[in-house]
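In this note's numbering, the protein residues as written are 422 to 495.
A virtual CB, placed ideally from N, CA and C, is assigned to each residue, including glycine.
The structure appears below as structure tokens.
Printed below as a string of structure tokens:
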């Protein structure tokens, strides 16, 4: 339904998909969160930073980051 380009996982098995912001699904496939950015479409997403708790989101007009309570998966 939504289409997606970028994808990443966190250490709890949640799936992050780009498109209209970043939509997060749990390991059962249930949507648990939608992270909005001030653009219509996001291109990619990844975890980074020293503790892997910063989520970086790219879009056509900018790079965004937010701190999370979970680490990115390896």
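Let me know the secondary structure DSSP gives residue 428 once reduced to three states.
Residue numbering aside, residue 428 sits at position 7 when the chain shown is read from its first letter. Here residue 428 sits in strand by DSSP.
Report all residues from its chain with a CB closer than 6 Å to the CB of residue 434; omit the five preceding and five following residues, and keep chain order.
As a working mapping, residue 434 is identified with position 13 in the chain shown. 448, listed in sequence order.
So what does DSSP say about residue 481, is it helix, strand or coil?
Residue 481 sits at position 60 when you count from the first residue of the chain shown. DSSP places residue 481 in coil when its eight states are reduced to three.
Under DSSP, the beta strand (DSSP E) around residue 464 begins and ends at which residues?
Residue 464 sits at position 43 when you count from the first residue of the chain shown. It spans 463-469 - the beta strand (DSSP E) in which residue 464 sits, taken as one unbroken run.
Leaving out the 5 sequence neighbours to the left and right, which residues in its chain are closer than 7 Å to residue 465 when beta-carbon positions are compared?
As a working note, residue 465 is residue 44 in the chain shown. So the qualifying residues of the chain are 426, 427, 439 and 479.
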